[in-house]
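**Student:**
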Amino acid sequence: MEIVPGLYQLKTPFPGPALPYIIPYAFRGSDGVSLLDAGFGTPEAIEAMTKQLADLGYAPKDIRRIFISHAHPDHIGMAGWIKEESPDCDVIMLEREWQWVQDRWLDNTGWTKLSDRWLVTHGVPQEEIDAAHAAGALSPTAPRVKVGETP
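In this text, residue positions in the sequence shown follow the working numbering: the first is 303, and each later residue adds one.
#1: Find the nearest neighbour of Gly-341 within the set Val-403, His-374 and Gly-334, judged by alpha-carbon distance.
#2: Per the DSSP calculation, Ser-371 is bridged to which residue(s)?
#3: Among the residues of its own chain, which have a CB less than 7 Å from the CB of Ala-347, if the five just before and after it don't count?
#4: So, for Gly-308: in the same chain, excluding its five sequence neighbours on each side, which residues have a beta-carbon less than 7 Å away from its beta-carbon?
#5: Looking at C-alpha atoms only, which residue of Tyr-327, Ile-305, Trp-420 and Cys-391 is the closest neighbour of Ser-371?
#6: Kindly confirm or deny that the region 358-372 and the region 332-339 touch, where touching means at least three C-beta pairs closer than 8 Å.
#7: By the three-class DSSP mapping on this structure, what secondary structure does Ala-444 have?
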């Protein structure tokens, strides 16, 4: 859905019944497309993102930057896949969000367990979480993230 010329609301599915979808935004630019948030990195979300980008005339390789509002998995989860598809894409987030990723996702398996419990509490079946971990969909994407402070 076009919000204003060049700004589009996208929808990617949320795994489980807690929410119907996550809402990333796409911005047209002279060098490609930029996103505000990425959504979960599940196969269903990737398929939805790919289709919606195609509807706008883009492919995942055309994504030039992702602005991350905050580093929860429903906002940053697809960033790793996007970096694989578009290696020159910049992932931009606040320094404090990068620190949160490092503290909770990279160095603390206890946080992953806590996050998994949060997902279960909000309706995501444990089997889906286990499958997502096994497929790498909930693996940390931070090693591929370029940190940048935004005002």
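Every residue gets a Cβ at the ideal spot worked out from N, C-alpha and C, and that includes glycine.
**Tutor:** Well, looking at it:
#1: For the set Val-403, His-374 and Gly-334, the Cα lying nearest the Cα of Gly-341 is the one of His-374.
#2: BP columns for Ser-371 are empty, so no partner.
#3: Counting only residues of its own chain and dropping the five nearest sequence neighbours on each side, Ala-347 has a CB closer than 7 Å to the CB of Thr-314, Pro-315, Gly-341 and Met-380.
#4: Phe-329 and Arg-330
#5: Tyr-327
#6: yes
#7: With a pLDDT of only 43 at Ala-444, under the threshold of 50, the placement of this residue in the model should not be trusted, and no figure is reported.
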